[in-house]
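Counting in this note's numbering, the sequence shown runs from 99 upward without gaps.
Just below is one structure, and these are the notes that go with it.
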Amino acid sequence: MSHAPSATGGDRASLDPQTRDPDARWLVTVMNTAFLALLAGSLLRYLLKHPQSPRLPWVIGLSITLAALQLAGHWLGGRRADRQRLGERRQGRLQLVLLGSVVACWVVIVLLAPSFAWCAVPLIYTGLRLLPIRAAVALVAVLCALVMIAEWRLADSVDPNLFLLPPTVAVLATTVFIYMRRQADRLAATQRREGTLAERQRLSMEIHDTLAQSLSSQQMLLQAAERTWDSDPAAARGHVRTAESIAERSLAEARRFVHDLAPADLAEGGGLDEALRTLAERESTGSLQVRFHRDGTPVPLPDRVQSALLRIAQGALANVREHARATTAALTLSHLDDQVVLDIADDGRGFEPSGGARAGAGAGDRGHGLPAMRARVRQLGGTLTVESAPGEGTVLSAAIPLERA
């Protein structure tokens, strides 16, 4: 059974993407089967009770037509090539045309043979799924009226249930369906809002860990170049060249944001090990030496794990460079049996972890730092720990379980 619609039991796949799910397809299959079963049962009843009726050829012909429209819609909607060729809008219009044709044939056959009235139940369902609410309610009212007329024609005596049961069932079915549709719409809107907020948070962390950190580094280098321009021109030019290199890297990151938001170091190939080694070399300067070391046997890591660990390393080294006053730092990537661990250690002035930020005024002013790192690790089911004390350096450790990742 495909996820596309049939003429009388089709879902709103071309009109409403939320119905493209296994439960909706299962329900469509049930409605298709119910319509064909009711149609066959009604035809059999007519053949047994009116074998000599002059209307018999018309009843048989209309029954075959209804079944053919049902199967044609089911077959057409189930072919992927046809869906792609017709397009979503044309397929939606075709659904409505098929529904209108089935309803028209059903009205005629009910006028000829009232026993076909209860085939309206799957038609009510289909109308509610395919049509706007007002149009669907109008269709349900018409079908319900025809069912009452057909049942009255079949009845031997006046029965109040003939005029109470069909509209009651129709009202209940319509109310429940409309309620469920609105609940689904609200849920979809809530999920969209949550997705938007999560994406904003992710982008803010990406920008903080790359462009904002790079701009901060460039500012510091240019300020240092300005201070030493007259007294030490060679050192000043070195600062400017380093700032230029960082600006070039930032431009590559910005272009990567435009494409797919993957870290530029990872996009260049070589995996996380090579990206961390390149980062260590790039962050090493005359006043700070950064080393990279790997422990354990490397295993393939999901892209989002590699990206998160690289961003954490970039943010941690930016904090080391700006606030720690360290002379050496080390990146250690450990591949363990059930997790991957990244340690960033420095011999700087350290800070009090309970204070929530690195020592120095700049750490807390940017609004991210350690909270952003914790958010990245938490999204992957991992943990982030910080060991530090004033004057004793800092070790930051990010552990991500491989199974959860």
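Just so it is clear, CB atoms sit at the ideal spot from N, CA and C, and this is done for glycine as well.
Taking all protein chains in view, the Cβ of residue 129 is crowded by 16 or more other Cβ atoms within 10 Å, so the residue is classified as buried. With a beta-carbon spacing of about 6 Å, residue 244 and residue 208 fall inside the 8 Å limit used to define contacts. With three or more CB-CB distances shorter than 8 Å, the stretch 125-141 counts as touching the stretch 213-230. Collapsing the DSSP output to three states places residue 224 in a helix. Of the other Cβ atoms in all chains shown, 16 or more fall within 10 Å of the Cβ of residue 405; this residue is therefore buried. CA-to-CA, the gap between residue 247 and residue 241 works out to about 10 Å. With 16 or more other Cβ atoms inside 10 Å of its own Cβ, residue 220 counts as buried. Distance from the CA atom of residue 389 to the CA atom of residue 378, rounded to whole angstroms, is 6 Å. For the set 410, 439, 422, 443, the Cα lying nearest the Cα of residue 473 is the one of 410. Contact check between the stretch 431-449 and the stretch 484-494: three or more CB pairs, one atom from each, fall below 8 Å, which counts as touching. Annotation: the continuous alpha helix (DSSP H) that includes residue 316 extends over 311-326.
Distance between residue 329 and residue 345, taken at the CA atoms: about 25 Å. Here DSSP, grouped into helix, strand and coil, assigns residue 485 to strand. With fewer than 16 other Cβ atoms from the protein chains shown falling within 10 Å of its own Cβ, residue 274 counts as exposed.
Taking all protein chains shown into account, residue 449 has 16 or more neighbouring C-beta atoms within 10 Å of its C-beta and is therefore buried. A residue is called buried once 16 or more other Cβ atoms fall within 10 Å of its Cβ, and residue 133 is buried on that count. Judged by pairs of C-beta atoms under 8 Å, the stretch 394-401 touches the stretch 418-435, as three or more such pairs exist. Classified as exposed, residue 288 has fewer than 16 neighbouring CB atoms from the shown chains inside 10 Å of its CB.
Note on residue 340: 16 or more other CB atoms within 10 angstroms of its CB, so buried under the neighbour-count rule. In the DSSP annotation of this structure, the continuous segment of the alpha helix (DSSP H) that includes residue 376 starts and ends at 369-381. Contact annotation: residue 311 and residue 416 have beta-carbon atoms nearer than 8 Å.
Within the DSSP bridge table, the entry for residue 442 names 429, 494 as partners.
Comparing alpha carbon positions, the residue from 250, 470, 381, 481 closest to residue 296 is 470.
Under the 10 Å beta carbon count, residue 315 is surrounded by 16 or more other beta carbons and is classified as buried.
Residue 438 sits away from residue 427, with the two beta carbons spaced by 8 Å or more. Per DSSP, residue 240 is one residue of the alpha helix (DSSP H) stretching across 231-252.
With distances taken between CA atoms, residue 302 lies nearest to 467 out of 234, 370, 319, 467. Less than 8 Å divides the Cβ of residue 249 from the Cβ of residue 260.
With fewer than 16 other CB atoms across the displayed protein chains lying within 10 angstroms of its CB, residue 232 is exposed. In this structure, residue 348 lies away from residue 320, with their beta-carbon atoms at least 8 Å apart. If you ignore the 5 residues before and after residue 160, its C-beta comes within less than 8 Å of the C-beta of 203, 206, 207, 210, all in its own chain and listed in chain order.
In the DSSP annotation of this structure, the continuous segment of the alpha helix (DSSP H) that includes residue 402 starts and ends at 401-417.
In the assembly as shown, residue 223 is a buried residue. Its beta-carbon has 16 or more other beta-carbons within 10 Å. Within a 10 Å sphere around the beta-carbon of residue 188 sit fewer than 16 other beta-carbons, which makes this residue exposed. Of the candidates 481, 479, 486, the residue whose Cα lies closest to the Cα of residue 452 is 486.
Around the beta carbon of residue 227, 16 or more other beta carbons lie within 10 angstroms, which makes this residue buried.
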